[in-house]
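In full-length UniProt numbering, the protein residues as written are 1 to 317.
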C-alpha cells in the first residue's frame, strides 16, 4: 500500500511517499480502508521525535483516520501511528460510527481537536457560566472549536488570539467577542483590554515560551491556564509555588492520551460533538484536503502558521 513513511527524524523533509506492507490487525483491532487522514500539529513533533511520547523508526505518522471497516461501518478512529496510509489499524474502542450528516473532514476535526477542545474547557479548566475565556490560535482546528464550545458552555466573554486579521475575523465569525494579535509582546495588556480592563478567568494555551508567560500574567485570582501544546518549541519561565500562591492562579496541563479509554472523557464527548455537528450547532473549520503525497508541503504550511482549520490527507488521490 501507499503510505508516508519516515526513516529518520527531522522536519517536513523526512516525510516520504513509500510502498509498505499492509498493516495486520491484532485481536481487538479494526482494519480501516482510509478515506482521509487528519493532520495535527502534534504530528510535526512526532516526526522530529520531540513530543511527550517517544517515536520509533521506521514510522508512518498520523493519529486519526476516517474510513470503512471490513463490515462496511463508516468510522472515525484514533490510531497511535500509521494514519498517513491507504489502510490503518485502530483498537475497536477508539473507533466511533459517523452520522450520515457529518462529512469525513468534519469527523476528523473532532476526534483529536474536538475532544481536546471539549476536555480543555470541561475537564481541565472546569468552566463556569459567565467566566471569560481566552483561546489562543483561535483559527486553528482546536481553537476554532474551542471558541464555539466556550460560548455554548456559558462563557461570559470569549477572547480569541490569532496572527493575522483574516484569522481574527474568522474567530469573530465563530462567536468570539473580541479578537487580538497573539504575539507575545504586549499580549497581557491586549488580553486585559479585550476583557474590559479586567484580568481573565481561563486561558487555553498551546504555544509555550513568552506567550505562556504573558497568558499566566493576565489571569485573575482563581484563574486557570490550561497548557496543551509547545508550538513555539520554547520553554516558559520556570514556575514556583510562591508565584502561583501570590496570585491564587493555577496551571493545568492536558494531553489527550490521558482521556482515552474513559467513557466520560472520550466516548460520551465524541458522541456529543458528532451530534452537535449533525444538527448544525457546531461547525468544524476545514482548512483543506490534499493528496497523500503532499504531506511534506502540508507540514511546512502548518509549521509556518499559514493554515486554518482541519487539514486532511487523502490517500485515494
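Built from N, CA and C at the ideal position, the CB exists for glycine as well.
According to the Cβ coordinates, are residue 243 and residue 220 closer than 8 Å?
no
Excluding five sequence neighbours on each side, which residues of the same chain lie with their C-beta closer than 8 Å to the C-beta of residue 266?
115, 259, 260
Between which two residues does the alpha helix (DSSP H) harbouring residue 213 extend?
209-217
Could you give the C-beta distance for residue 194 and residue 159, rounded to a whole number, given that I count them as a contact under 8 Å?
5 Å
Give me the Cα-Cα distance between residue 136 and residue 24, rounded to the nearest whole angstrom.
40 Å
Note down the Cα distance separating residue 250 from residue 316, rounded to an integer number of angstroms.
46 Å
So, helix, strand or coil for residue 229, using DSSP?
coil
Burial state of residue 254 (16 or more Cβ within 10 Å):
buried
Starting from the C-beta of residue 9, find all residues in its chain whose C-beta is less than 8 Å away, skip the five residues before and the five after it, and write them out in chain order.
47, 48, 49, 55, 57
Look at the alpha carbon of residue 140 and the alpha carbon of residue 87, and state the distance between them as a whole number of angstroms.
27 Å
Is it true that the CB of residue 264 sits closer than 8 Å to the CB of residue 292?
no
Reduced DSSP secondary structure (H/G/I, E/B, other) of residue 47:
helix
So who's on the other strand from residue 291, going by DSSP bridges?
314
Out of 170, 146, 106, 68, point me to the one whose CA is closest to residue 205's CA.
146
What three-state label does DSSP hand residue 1 in the structure shown?
coil
Could you tell me which residues DSSP puts in a beta bridge with residue 31?
89
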